[in-house]
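Written out below as structure tokens is the structure these notes cover.
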Amino acid sequence: KGGQTSIELDGMNITLKMPGLLDVKGASKSFVGPGGAPAELPNLPVGTLTEPSPDLELHYTYDDLTPVVQATYKVTFDSGAVLQGTLDQDGYKLLRGVPNGSYRVEYGEDARDWKAPPLAKDDAEFQKKDVKAQGVALIEKALATEPPLDGSTAGDFE
Numbered sequence: 001k002g003g004q005t006s007i008e009l010d011g012m013n014i015t016l017k018m019p020g021l022l023d024v025k026g027a028s029k030s031f032v033g034p035g036g037a038p039a040e041l042p043n044l045p046v047g048t049l050t051e052p053s054p055d056l057e058l059h060y061t062y063d064d065l066t067p068v069v070q071a072t073y074k075v076t077f078d079s080g081a082v083l084q085g086t087l088d089q090d091g092y093k094l095l096r097g098v099p100n101g102s103y104r105v106e107y108g109e110d111a112r113d114w115k116a117p118p119l120a121k122d123d124a125e126f127q128k129k130d131v132k133a134q135g136v137a138l139i140e141k142a143l144a145t146e147p148p149l150d151g152s153t154a155g156d157f158e
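Below, the structure written as structure tokens:
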């Protein structure tokens, strides 16, 4: 502020106050007041718009998350469409552009031959005669008390 002239800064506003004429010198000056113009939006494309068909990822793994290698699959959609093929080495397949709606997936078996897991380190313990006898006794007891899956009575195995 100097004499009767002041510059006020208030947020984003700058106010110049003076008793006389303001003379601004420069290469060009423009003190155009506020204005407005309508926004010009581009036209939307003409035609029927549809949702893109979704993708479906198949992942088939064992409980320990190791892949079921090259298993076959069959996907049946509510529309009646059926897609089938073989998963890759990672138990994976990406199906692009599948029909919308519900579906059911059926998987085949692992393409690899099954191998028994390694025996426990204390395998010698299982080879003892008394341990084997205990195992046989428990199995026989279970067979005698549990009904067979075919609905016959316990002990009737003919």
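Using the UniProt record's numbering, the letters of the sequence shown correspond one by one to residues 1 to 158.
For each residue, glycine too, the CB sits at the ideal point set by N, CA and C.
Nothing here was measured: the structure is a model prediction, and the numbers come from that model.
| Query | Result |
| --- | --- |
| Taking only three categories from DSSP, how would you classify P67? | strand |
| Quick check on the DSSP output: the beta strand (DSSP E) that includes G85 runs from which residue to which? | V82 to T86 |
| Rounded to whole angstroms, what's the CA-CA distance from G85 to E51? Just pull it up for me. | 26 Å |
| Please report the distance separating the alpha-carbon of R112 from that of V69. | 7 Å |
| Taking buried to mean at least 16 other C-beta atoms within 10 Å of its own C-beta, is G91 buried or exposed? | buried |
| Look at the alpha carbon of L87 and the alpha carbon of L56, and state the distance between them as a whole number of angstroms. | 13 Å |
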